[in-house]
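Just so you know, we're using my numbering here: the sequence shown kicks off at 2 and counts up by one. For glycine and all other residues, C-beta sits at the position ideal for the given N, C-alpha and C. None of the values given here were measured: they were computed from a predicted structure.
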Amino acid sequence: MTNSAKRFDITFHGVSPTNFVVSEWQHVSGRCLKYVIYEWTLAAYFIFAFSLSIYTSGKEHQWKYYVIYLTNWNVTLNVISSLMGAILKTLHYNRTLLVENKQREVTRTLNAYWLLSNLSAVMSISISTTYWTLDDSGHYELNDILAHTGNSIIFLFDTFIHARPSRQGHLIYPLAFGFIYLFWFCLPYSLLGMLNINDEPYIYPSLDWKNHTGFAILNAFLFLGLIVLVHSVINFLISARIYIHKKYKLRKSYKSNRDGIDLNEMNTEMLLQSEDHHQSTDSLFS
Numbered sequence: 002m003t004n005s006a007k008r009f010d011i012t013f014h015g016v017s018p019t020n021f022v023v024s025e026w027q028h029v030s031g032r033c034l035k036y037v038i039y040e041w042t043l044a045a046y047f048i049f050a051f052s053l054s055i056y057t058s059g060k061e062h063q064w065k066y067y068v069i070y071l072t073n074w075n076v077t078l079n080v081i082s083s084l085m086g087a088i089l090k091t092l093h094y095n096r097t098l099l100v101e102n103k104q105r106e107v108t109r110t111l112n113a114y115w116l117l118s119n120l121s122a123v124m125s126i127s128i129s130t131t132y133w134t135l136d137d138s139g140h141y142e143l144n145d146i147l148a149h150t151g152n153s154i155i156f157l158f159d160t161f162i163h164a165r166p167s168r169q170g171h172l173i174y175p176l177a178f179g180f181i182y183l184f185w186f187c188l189p190y191s192l193l194g195m196l197n198i199n200d201e202p203y204i205y206p207s208l209d210w211k212n213h214t215g216f217a218i219l220n221a222f223l224f225l226g227l228i229v230l231v232h233s234v235i236n237f238l239i240s241a242r243i244y245i246h247k248k249y250k251l252r253k254s255y256k257s258n259r260d261g262i263d264l265n266e267m268n269t270e271m272l273l274q275s276e277d278h279h280q281s282t283d284s285l286f287s
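Put into structure tokens, the structure is as follows:
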């Protein structure tokens with residue numbers, strides 16, 4: 002498959018499993034305790050954010066409304082993907098995870114992680130952008146900050162740390178996630194006369210399908226458009242990360258060569274990474 006075709010590939014084939022358990026900046030196939038600690042730190046953040054959202058709903062006696070809000074869908078998605086990532090990196094560090102293409106079962110697990118991590122990043126940033134654009138209450142609690150700011154900052158930062166590839170074709174997955182919520186959940190919820198926590202006949206005022214149908218449709222498609230934009234930005238940032246990494250490796254190789262260091266092993270690893278990772282990613286700089 003050509004690089005151009007890979008950019009729009011919706012499958013999870015053609016990528017080395019190693020890319021999902023190492024950082025962009027560590028040794029290609031080696032182990033890195035710092036990266037494992039980093040991943041568990043992220044997981045701890047999302048566990049705390051998820052626990053706080055559950056606690057807040059219980060304290061305000063809003064248990065039965067918890068599942069209707071997209072933010073809570075996303076908070077749950079974040080804790081699942083971050084925990085999965087931390088566990089996979091730990092298994093890799095302990096050498097109990099075999100990341101070979103022939104290990105079909107493990108590859109499916111890594112592909113599931115690829116899907117979930119992509120969904121988490123795109124949906125978090127899209128939801129946060131929408132929240133701060135539409136919310137004008139001026140009253141924000143810790144739960145709001147963690148679920149609508151901290152997560153987006155983390156995912157943007159992590160884009161430059163992890164070694165996962167991106168594909169423009171994978172846009173269909175966050176789009177499907179948003180479409181399912183908007184049209185398969187939110188729409189019937191409103192039309193069936195069900196209420197939100199304030200006893201209003203909709204989940205969000207901007208998605209009042211029953212009384213302001215046209216406005217709700219417009220907002221729904223604007224949100225889907227935002228998902229497209231966010232996914233494109235993340236693809237660009239990953240491409241920028243790969244470009245910077247290549248320049249960094251080349252400069253490091255030049256310096257080592259100038260100092261008389263044998264680069265055979267280093268160059269072999271770089272070639273393997275280039276074939277397995279960079280060629281399968283949507284690089285906008287090539």
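Contact between Ser82 and Leu117 is confirmed by a C-beta separation of about 4 angstroms, below the 8 angstroms threshold. The segment 150 to 162 and the segment 41 to 59 touch, with three or more beta-carbon pairs separated by less than 8 angstroms.
In this structure, Asn236 places its C-beta atom within 8 angstroms of the C-beta atom of Ser167. In the three-state DSSP reduction, Ser52 falls in the helix class (H, G or I). DSSP places His149 within a helical segment (H, G or I) once states are collapsed to three. CA-CA distance, Tyr244 to Ser17, rounds to 19 angstroms. Minimum Cα-Cα distance from Glu61 among the listed residues Glu201, Gly215 and Asn144 corresponds to Asn144. Setting aside the 5 residues that flank it on each side, Ala221 is surrounded in the same chain by Leu183, each with a C-beta closer than 6 angstroms to its C-beta; the list follows chain order. Rounded to the nearest whole angstrom, the C-alpha separation of Tyr132 and Tyr114 is 26 angstroms.
Per the coordinates, the alpha-carbon of Ile228 lies some 13 angstroms from the alpha-carbon of Gly170.
Ranked by Cα distance from Leu147, the first of Ala50, His246 and Tyr190 is Ala50.
About 6 angstroms separates the CB atoms of Leu120 and Leu78; that is less than 8 angstroms, so the two are in contact. With 16 or more other Cβ atoms inside 10 Å of its own Cβ, Val37 counts as buried. Annotation for Ala87: the continuous alpha helix (DSSP H) segment containing it runs Leu71 to Tyr94. The C-beta separation of Tyr66 from Asn212 comes to about 20 angstroms, leaving the pair out of contact by the 8 angstroms criterion. Taking Val80 as the centre and dropping the five residues before and after it, the same chain places the C-beta of Phe47, Ile48 and Phe51 closer than 7 angstroms to its C-beta, in chain order. Here Ser138 is exposed: its Cβ has fewer than 16 other Cβ atoms, across all protein chains shown, within 10 Å. If only complete runs of 4 or more residues are kept, the segment 136 to 205 shows the alpha helix (DSSP H) at 143 to 146, 152 to 159, 173 to 180 and 188 to 192, in order along the chain. Within the model, the alpha-carbon separation for Ile173 versus Ile11 is close to 8 angstroms. DSSP, reduced to helix, strand and coil, places Ser121 within a helical segment of the structure shown. Shown here, Ser58 sits in a helix according to DSSP, grouped into three states.
Note on geometry: alpha-carbon atoms of Ser58 and Met85 lie some 25 angstroms from one another.
Taking the Cα positions, Tyr141 is about 28 angstroms away from Ile181. Taking the CA atoms as reference points, Gly215 sits about 13 angstroms from Pro206. Beta-bridge partners assigned by DSSP to Ser24: His163.
Apart from the 5 residues on each side of it in sequence, Tyr203 sits with its Cβ closer than 6 angstroms to the Cβ of Ser191 and Asp209 in its chain, given in chain order. Nearest in C-alpha terms to His246, of all of Phe13, Ala164 and Leu92, is Ala164.
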